[in-house]
Amino acid sequence: MSTRLVTFTLDERVYGVDVDAVQEVLRGQPRTRIPLAPTSVAGLINLRGQVLSAVDLREQLGLAAYSTDQEPMLVVIRVSGEPVALLVDSIGSVVDVEADQFEPPPDTLVGVARDLILGAYKLEDQLLLALDVDRAVAA
Amino acid sequence: MDEMDEIVQEFLVESHENLDQLDRDLVALEREPGSRDLLASIFRTIHTIKGTSGFLAFGRLEAVTHVGENLLARLRDGKMSMTAATTDTLLAMVDVVRELLTSIEATGGEGDVDVEAVVARVTALLEGRTADPMPGAAPALAPAPTSAPAPDAPLDARLEAGTAVAPAPHDAQDVEATEPARRNVADASIRVDVDLLDTLMRLVGELVLTRNQIVRHAGAQSADQELAGAAQRLNLIASELQEGVMKTRMQPIDHLWSKLPRVVRDLGSALDKSVELVMEGRETELDRSLLESVKDPLTHLVRNAVDHGLESAADRLVAGKPAQGVLTLRAYHEGGQVVVEVCDDGSGIDPARVSAKAVERGLRTPAQLEAMSHADVLQLIFTPGFSTAAAVTNVSGRGVGMDVVKTNIEAMGGTIEVESVLGRGTTCRLRIPLTLAIVPALTVECAGDRYAIPQVSLLELVALDADRAASEVEDVNGASVYRLRGALLPLVRLADVLGVESVRSDGHVLIAVLQAEGKRFGLVIDRVLSTEEIVVKPLTSRIKELGTYSGATILGDGRVALILDVQALARRVLSAEALERATGHATTVETTAATDHLRMLVVGIAGGRRVAIPLSSVTRLESIAASAVEQVGSREVVQYRGAILPLLRLDRHLGAFGEKQHDELTVVVYSAGDRSVAIVVEEIIDIVDEDAQVRSDIDDHGLLGSALVRDRIVELLDVRAAILAADPGFYDHAPLEAATELTEAL
Chain A
1 MSTRLVTFTL DERVYGVDVD AVQEVLRGQP RTRIPLAPTS VAGLINLRGQ
51 VLSAVDLREQ LGLAAYSTDQ EPMLVVIRVS GEPVALLVDS IGSVVDVEAD
101 QFEPPPDTLV GVARDLILGA YKLEDQLLLA LDVDRAVAA
Chain B
1 MDEMDEIVQE FLVESHENLD QLDRDLVALE REPGSRDLLA SIFRTIHTIK
51 GTSGFLAFGR LEAVTHVGEN LLARLRDGKM SMTAATTDTL LAMVDVVREL
101 LTSIEATGGE GDVDVEAVVA RVTALLEGRT ADPMPGAAPA LAPAPTSAPA
151 PDAPLDARLE AGTAVAPAPH DAQDVEATEP ARRNVADASI RVDVDLLDTL
201 MRLVGELVLT RNQIVRHAGA QSADQELAGA AQRLNLIASE LQEGVMKTRM
251 QPIDHLWSKL PRVVRDLGSA LDKSVELVME GRETELDRSL LESVKDPLTH
301 LVRNAVDHGL ESAADRLVAG KPAQGVLTLR AYHEGGQVVV EVCDDGSGID
351 PARVSAKAVE RGLRTPAQLE AMSHADVLQL IFTPGFSTAA AVTNVSGRGV
401 GMDVVKTNIE AMGGTIEVES VLGRGTTCRL RIPLTLAIVP ALTVECAGDR
451 YAIPQVSLLE LVALDADRAA SEVEDVNGAS VYRLRGALLP LVRLADVLGV
501 ESVRSDGHVL IAVLQAEGKR FGLVIDRVLS TEEIVVKPLT SRIKELGTYS
551 GATILGDGRV ALILDVQALA RRVLSAEALE RATGHATTVE TTAATDHLRM
601 LVVGIAGGRR VAIPLSSVTR LESIAASAVE QVGSREVVQY RGAILPLLRL
651 DRHLGAFGEK QHDELTVVVY SAGDRSVAIV VEEIIDIVDE DAQVRSDIDD
701 HGLLGSALVR DRIVELLDVR AAILAADPGF YDHAPLEAAT ELTEAL
């Protein structure tokens with residue numbers, strides 16, 4: 001069973017989401033901040049007349065926050081029909097992975113990230129972390 | 001009757017469309033006689049008309065379509081085959097159906113259209129006789145033109161056939177005279193999918209945004225005359241287009257109102273009141289989706305007016321009014337909004353009764369009420385848990401009250417207010433935006449971000465330069481106020497509300513004077529940008545939950561701006577401030593807005609536990625001497641204002657056992673109807689606005705759950721269970737209202 005994932009990096013690590021969920025990739029979109037909103041909501045963007053909320057995955061996964069000179073990219077994914085934008089460091093490529101490469105997260109992985117990471121695909125040179133899109137957006 | 005007319009109208013429009021399809025199908029059928037699909041389609045059409053005509057009691061129409069359906073069924077099932085004669089007969093049948101429909105449309109009845117001849121022909125065909133067209137029916141066989149058939153031909157046919165009584169001449173004329181106008185029902189309207197209209201609306205929304213963008217650019221480059229001209233035209237066309245598309249979604253309010261005469265009549269006879277219903281402005285149009293949402297609140301207001309507003313005939317005569325009460329519904333457009341009024345000429349609302357009730361329910365203190373104007377007091381009827389109805393009828397007063405109406409109206413961006421003159425009547429006025437999708441708004445800046453404030457809530461703008469601001473923004477015990485034409489206007493800094501840093505440092509103060517919850521307040525912002533029409537985009541529930549923004553919009557430069565939810569803002573800010581300050585200051589009473597939060601009385605019981613009781617269930621707080629407690633059987637009671645009050649010791653009820661013996665008992669008295677119980681507590685701690693965010697359903701016997709109030713865990717009392725423990729028969733006699741309200745409050 002092979003699965004096709006779109007990969008992206010967050011803080012030097014490689015993550016992947018199902019290619020079918022991905023709608024498009026954007027760059028340099030101005031974001032409108034939302035005072036009082038949880039920190040994981042990184043503002044609103046205008047996607048051709050539609051207002052989407054952007055989710056800061058670094059915040060969600062408990063990684064280091066973006067420095068001011070970093071300009072994150074946006075991956076627009078569809079979660080139960082609704083588009084949502086994910087903030088990522090950079091976009092990777094489309095990768096085919098096999099089910100036998102997969103392993104659930106190690107028991108030592110704790111905290112918020114454990115709920116959001118489905119597991120890891122063992123690629124030749126690195127680990128590709130599969131993200132639970134629904135939870136990453138909802139959390 | 002109106003409802004019936006509506007059904008008949010729909011039936012006619014639908015049938016005319018079907019008949020046109022039928023004509024095409026029949027002609028096509030002649031070319032390919034064996035087509036089962038065509039036959040099935042024709043069968044369905046006739047079947048539909050038959051079904052509806054039976055339902056609407058059009059007997060002759062039903063008779064014709066019934067035999068036609070039988071013939072078609074045979075053809076469809078291949079038991080008979082199409083011949084020229086069958087086609088002729090079917091066409092003749094369709095013509096008679098059309099004639100009947102025309103008559104129904106013109107006169108409301110089937111008239112005296114003859115159906116015998118065609119029924120006989122169809123029956124003959126069915127029985128297998130050679131279908132020689134009856135000579136008299138021949139003229140009707142000519143394929144009828146698909147547009148309005150000349151009524152003369154069928155009439156002639158009938159006369160020749162000699163089967164029909166000659167119609168009274170004036171009848172025929174009536175049919176002819178009214179026909180061209182009436183046919184418009186079917187011909188001048190088309191059916192459009194609502195989704196398509198929504199798509200158009202969305203596209204127009206986008207166009208309006210783009211227009212805003214271009215107009216702004218053209219304005220900035222004023223040198224280019226041509227561009228400015230084109231932008232100007234674009235502006236006009238886009239506005240007109242927007243208006244046009246909005247119109248397609250408009251429906252007259254009569255769609256709602258047509259149901260009300262029946263409601264009023266039934267209610268009137270149930271309550272033995274004679275009511276005249278007057279409707280003004282029934283052609284006033286509003287957006288389809290709004291029409292839907294305004295239906296329930298409006299019906300509620302009308303029922304309320306008949307039930308509580310209007311007096312009985314006897315009382316009216318005593319008051320020197322005509323026995324028949326008048327309920328007036330009025331709708332009109334005003335300032336880009338639709339105003340709907342429900343007025344009765346009944347007894348009016350007594351501010352004194354409202355005040356008394358507000359105190360009784362613990363919604364306001366007497367001191368607060370003292371400082372309120374009569375108009376403000378009246379608005380209290382929209383507070384949750386408020387109902388002045390002395391008795392609960394099956395009509396209104398079931399706990400869902402005016403507060404629900406208000407919530408619904410506000411949810412669609414509207415406002416509600418009530419005016420009343422004692423003895424003269426009451427007017428409820430709804431202001432509803434024309435459409436939900438595009439609203440005029442003021443864009444402002446705060447801490448570098450832009451926000452939109454819907455014009456609906458905006459009263460005026462006040463700009464103060466540094467000098468004036470320094471002297472005119474004053475302070476009432478920590479709350480800043482501004483003297484607006486002599487009255488104190490409470491000021492709220494948007495930056496503080498949003499928890500951001502204002503970037504305005506030159507001391508200037510810009511105030512947007514807003515109206516919400518029947519209260520005025522000033523929102524201090526950094527900068528005013530412009531007024532424009534904005535297209536409201538929905539927000540995800542997660543952001544909506546913040547209770548600060550009602551939506552988002554895209555501004556001229558393509559950036560997203562949040563739309564401030566002024567109502568929610570007012571509720572949050574004003575009530576929070578009112579709580580923090582002592583309530584004794586007459587000057588600060590101005591800022592106490594209706595609290596939509598559930599107010600809770602927090603009491604202490606043994607073991608340091610804290611229990612919250614909804615304030616709406618509390619009638620009074622009292623101290624009684626411990627020696628006054630007496631025994632009745634196994635129960636403790638106390639004499640209180642000439643009645644025997646059952647006593648409930650909350651400690652024991654909730655399984656906490658205190659050692660302390662007091663000479664004085666602190667009791668919370670709860671009454672409904674003429675029954676009361678006294679709940680003994682250790683101490684009264686506080687009254688808080690419960691913000692239900694931190695709630696847990698961790699509970700125990702006698703509790704509904706627990707909540708975090710001011711950093712302490714407070715147990716939520718199951719009041720109903722507690723009261724039943726003290727007086728098992730309490731709810732048997734108490735009015736229903738109290739019980740439902742309790743369950744609702746919790």
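Chains A and B, in that order, give the protein sequences. By full-length UniProt numbering, the letter at position 18 of the first sequence is numbered 18, and the numbering carries on one by one without gaps. By full-length UniProt numbering, the letter at position 190 of the second sequence is numbered 190, and the numbering carries on one by one without gaps. Glycine included, every Cβ here is placed at the ideal spot set by N, Cα and C. Only a predicted model underlies this, so the values are computations on that prediction, with no experimental measurement involved.
Same chain, Cβ closer than 6 Å to residue i, neighbours up to 5 away in sequence not counted
i, result
"R27/A", "M73"
"L380/B", "V354 and A358"
"G413/B", "P433"
"S550/B", "I563 and D565"
"L61/B", "S53 and L100"
"G111/B", "S103"
"V500/B", "A447"
Chain B within 9 Å of residue i, Cβ atoms only
i, result
"R135/A", "no"
"T39/A", "no"
"L86/A", "no"
"S80/A", "no"
"S90/A", "no"
"P30/A", "yes"
Reference residue i; option with closest CA among the options
i, options, result
"W257/B", "L298/B, L491/B and G268/B", "L298/B"
"G309/B", "P538/B, L363/B, G423/B and F55/B", "G423/B"
"P614/B", "L555/B, G558/B, V629/B and G705/B", "G705/B"
"V637/B", "D651/B, R652/B and A678/B", "A678/B"
"V17/A", "G62/A, D100/A, V41/A and L57/A", "L57/A"
"A113/A", "V137/A, E82/A and E124/A", "V137/A"
"M246/B", "T553/B, D287/B and L75/B", "D287/B"
"N235/B", "Q213/B, P490/B and M250/B", "Q213/B"
"A85/B", "S35/B, I46/B and L29/B", "L29/B"
"T83/B", "E32/B, F43/B and A57/B", "E32/B"
"P252/B", "P261/B, E240/B and V338/B", "V338/B"
"E664/B", "A230/B, M250/B and A628/B", "A628/B"
"S530/B", "G556/B, T426/B and T365/B", "G556/B"
"E283/B", "D272/B, H255/B and L260/B", "H255/B"
Contacts that residue i makes with chain A (C-beta to C-beta distance below 7 Å)
i, result
"E206/B", "G49"
Interface residues of chain A facing residue i [CB-CB closer than 9 Å]
i, result
"L209/B", "G49"
"K295/B", "What K295/B touches in chain A: nothing, since even the nearest Cβ is about 29 Å away."
Residue i: contacting residues in chain B (beta-carbon distance under 7 Å)
i, result
"R33/A", "D449"
"L44/A", "A552 and V560"
"S53/A", "T540 and I543"
CB contact check: residue i to chain A, cutoff 9 Å
i, result
"L523/B", "no"
"R542/B", "yes"
"Q693/B", "Summary for Q693/B: the model assigns pLDDT 45, below 50, so the residue's position carries little reliability; its value from the coordinates is reported in the next sentence. With 9 Å as the cut-off, Q693/B does not count as an interface residue toward chain A."
"A576/B", "The pLDDT assigned to A576/B is 49, lower than 50, so where the model puts this residue is not dependable, and the model offers no usable value."
"K519/B", "no"
"K537/B", "yes"
"H597/B", "Low local confidence applies: a pLDDT of 45 at H597/B is under 50, so the model's placement there is unreliable, and no value is given."
Closer than 8 Å at the beta carbon, the chain B residues around residue i
i, result
"L36/A", "L498, G499, L546 and T548"
Same chain only: Cβ atoms within 7 Å of residue i, ignoring 5 sequence neighbours per side
i, result
"H66/B", "K50"
"A323/B", "S274, A313, R316 and L317"
"V509/B", "L464, A469, V473 and V524"
"G268/B", "S274, V275 and V306"
"V119/B", "A63, V64 and V67"
8 Å Cβ shell around residue i - same chain, five flanking residues per side excluded
i, result
"A319/B", "E311, S347 and G423"
Residue i at chain E interface by Cβ criterion, 9 Å
i, result
"K50/B", "The structure shown contains no chain E; its protein chains are A and B."
inquiry  = Extract the residue ranges of the alpha helix (DSSP H) inside the region 31–70 of chain B, only unbroken runs of 4 or more that lie entirely within it.
reply    = 36–55
query = Which runs of the alpha helix (DSSP H), 4 residues or longer, sit entirely within the region 49–111 of chain A?
reply = 57–61
ask   = Mind pulling the alpha helix (DSSP H) runs of 4 or more residues that sit fully within the region 396–453 of chain B?
value = 402–411
query = Which full runs of the beta strand (DSSP E) of 3+ residues lie inside the UniProt domain "CheW-like" (438–575) of chain B, going along the chain?
reply = 438–446, 449–454, 458–464, 473–476, 479–484, 487–493, 509–516, 519–525, 527–535, 549–554 and 560–564
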